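To start, the structure under review is shown below, and the notes come after it.
In my numbering, the protein residues as written are 0 to 509.
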């Protein structure tokens, strides 16, 4: 009982350890997912903020283009006087078609400075802030207008004439800028966007933007610097964000899953081995107990007979002396059979059992086995009936082992008949096979028992119970011998109705 408690404690401990390992791996995966998600969230917000700054900067740089669209020269001081200077813009073309862009600044004293930007236009016709700043730094003298003052005046003009966002930007251009910023953050993922005002009106959006989204979107304020206007908000959501995050930690997930499966597999093998060893220990103990019981009786009988023979008075009675001698001989033979059976099973394990194959008459062999057990059956008021109908009954086999097969089947039918045994033997031919069927009206067996009946040391009564004699080797021995002769064995049984063992042997063994 104490050993069984230790066994169950070990199993529970291993199970709890496995569960904790699985939970730890699951927690590791969830933690990695959340960390990756936080990185994505931070990267997206940074990319969106940077994208909007770039859009605003580009819009400011081309403010002059937008004012002078359709006219080559125009004063911007009509909207807001830039004193004490006057600025004139000369513009030819737009974007990649630009050929010339210049600014002339006239002072109140009559001096004029012209700045030609044609040489610093990018290949696609765009101006960049660093290029303009560098140009002014290189061309403005200390006596002329400072670049920062000029920028401040332009910013005032730009803010006064700011147009609605949908008039300033094309949706495809916005999406391109956002995509580029996301790519800078290694976030190559599909997205949809919209600019929505404070009244939840969509000002501009991508083609597949859905108004039904409720969560999982990113939102930034596009008018945070101006507290006197109703703010616009940029909404961006990613339809496949979850998939993108999972793909980012795919290697970690795969390694965790493989590691967990290895642990589970190892646990299963270990648990199976432990249970098997426990079962083998129980079987070994049962076998030792059963064999001790089986050998104890004949040893005690032999000892009693030997002591009786020592009695001088009994020695003078020849009849009694022969009786005790026969008892010793029978019990010795009985013990020898037990030992021989165990030895043969050991030889079968090593596949070194030497079968002396010869032509044998199965009907003759069956009759001999019936004669040996018939007296025992009649003592229990039972009977054996033979229906030996096989036309061909000679096979190539080892006579001794085949005799043991028939003996074991008959002995098994007798042992598992609780009342007067009713045993019937059939033989017939089928598909070039010799078929032997031994049927009884005994206790039968369940489906579960039928699946185990040919296992070594298994006995239908189970455990260390001696109301049915034997080691649990008989039917296992029968199956091994039949298989060694390239035969087959089947069982048909119903609980409380009896059993039928069917052996099929080739008429000519190869």
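Just so it is clear, CB atoms sit at the ideal spot from N, CA and C, and this is done for glycine as well. Quantities reported herein were computed from a predicted structural model and do not represent experimental measurements.
Does residue i pass the burial test, meaning 16 or more other C-beta atoms within 10 Å, or should it be called exposed?
i, result
"residue 429", "exposed"
"residue 311", "exposed"
"residue 78", "Caution is warranted here: a pLDDT of 35 is assigned to residue 78, below 50, making its placement in the model unreliable, and the coordinate value is therefore given only provisionally. By the neighbour-count rule (16 or more Cβ atoms within 10 Å), residue 78 is not buried but exposed."
"residue 218", "exposed"
"residue 452", "buried"
"residue 81", "Only weak support exists for where residue 81 lies, its pLDDT of 38 falling under 50; the coordinates are left without a value."
"residue 43", "buried"
"residue 416", "buried"
"residue 372", "buried"
"residue 176", "buried"
"residue 141", "Because the pLDDT at residue 141 is just 47, under 50, the model does not fix this residue reliably, and the value given afterwards should be weighed accordingly. Burial call: exposed."
"residue 107", "The predicted position of residue 107 is uncertain, since its pLDDT is 46 and thus under 50; a value taken from the coordinates is nonetheless stated next. So residue 107 ends up on the exposed side."
"residue 488", "buried"
"residue 411", "buried"
"residue 328", "exposed"
"residue 274", "exposed"
State yes or no: is the C-beta of residue i within less than 8 Å of the C-beta of residue j?
i, j, result
"residue 407", "residue 318", "no"
"residue 397", "residue 356", "yes"
"residue 424", "residue 365", "yes"
"residue 405", "residue 383", "no"
"residue 502", "residue 435", "yes"
"residue 490", "residue 255", "no"
"residue 297", "residue 330", "yes"
"residue 511", "residue 443", "Because the chain in this structure spans residues 0 to 509, residue 511 falls outside the shown range and cannot be described."
"residue 215", "residue 240", "yes"
"residue 17", "residue 266", "yes"
"residue 303", "residue 337", "no"
"residue 277", "residue 6", "yes"
"residue 483", "residue 354", "yes"
Looking only at its chain, what residues have a beta carbon closer than 8 Å to the beta carbon of residue i, apart from the 5 residues adjacent to it on each side?
i, result
"residue 320", "308, 313, 314"
"residue 51", "219, 221, 233"
"residue 376", "382, 383, 413, 420, 422"
"residue 367", "402"
"residue 426", "361, 362, 365, 386, 387, 388, 389, 392, 433, 434, 435, 436"
"residue 20", "259, 262"
"residue 269", "13"
"residue 163", "202"
Under the assumption that residue i contacts residue j (Cβ atoms under 8 Å), give the Cβ distance between them as a whole number of angstroms.
i, j, result
"residue 388", "residue 360", "The pair is not a contact, with the Cβ atoms about 15 Å apart (cut-off 8 Å)."
"residue 433", "residue 391", "7 Å"
"residue 184", "residue 46", "5 Å"
"residue 506", "residue 486", "Contact doesn't hold; Cβ gap of about 11 Å is too wide."
"residue 244", "residue 35", "5 Å"
"residue 49", "residue 180", "5 Å"
"residue 10", "residue 186", "Actually they do not touch by this definition, with Cβ atoms about 48 Å apart."
Considering only residues of the same chain and omitting the five flanking positions on each side of residue i, which have a CB-CB separation below 6 Å?
i, result
"residue 190", "235, 237"
"residue 385", "424"
"residue 193", "201, 204, 208, 234"
"residue 493", "443"
"residue 252", "28"
Going by Cα to Cα distance, which pick from the options is closest to residue i?
i, options, result
"residue 420", "438, 479, 42", "438"
"residue 422", "171, 435, 441", "441"
"residue 481", "410, 298, 399, 491", "399"
"residue 32", "178, 445, 248", "248"
"residue 13", "302, 246, 263", "263"
"residue 449", "188, 474, 341", "474"
"residue 204", "273, 57, 173", "173"
"residue 300", "287, 322, 418", "322"
"residue 401", "197, 239, 375, 358", "358"
"residue 231", "165, 182, 279, 209", "165"
"residue 287", "182, 498, 341, 22", "341"
Taking 7 Å as the cut-off, does the CB of residue i come closer than this to any heavy atom belonging to the ligand NAD?
i, result
"residue 244", "This structure lacks the ligand NAD; in fact it carries no ligand of any kind."
Keeping to the same chain, check which residues put their C-beta closer than 7 Å to that of residue i; ignore five residues upstream and five downstream.
i, result
"residue 462", "Its pLDDT being 40, under 50, residue 462 is placed unreliably in this model, and the value from its coordinates should be taken loosely. Cβ within range, chain order: 285."
"residue 69", "With a pLDDT of 40 at residue 69, under the threshold of 50, the predicted position of this residue should be treated as unreliable, and no value is reported."
"residue 37", "none"
"residue 54", "168, 173, 176"
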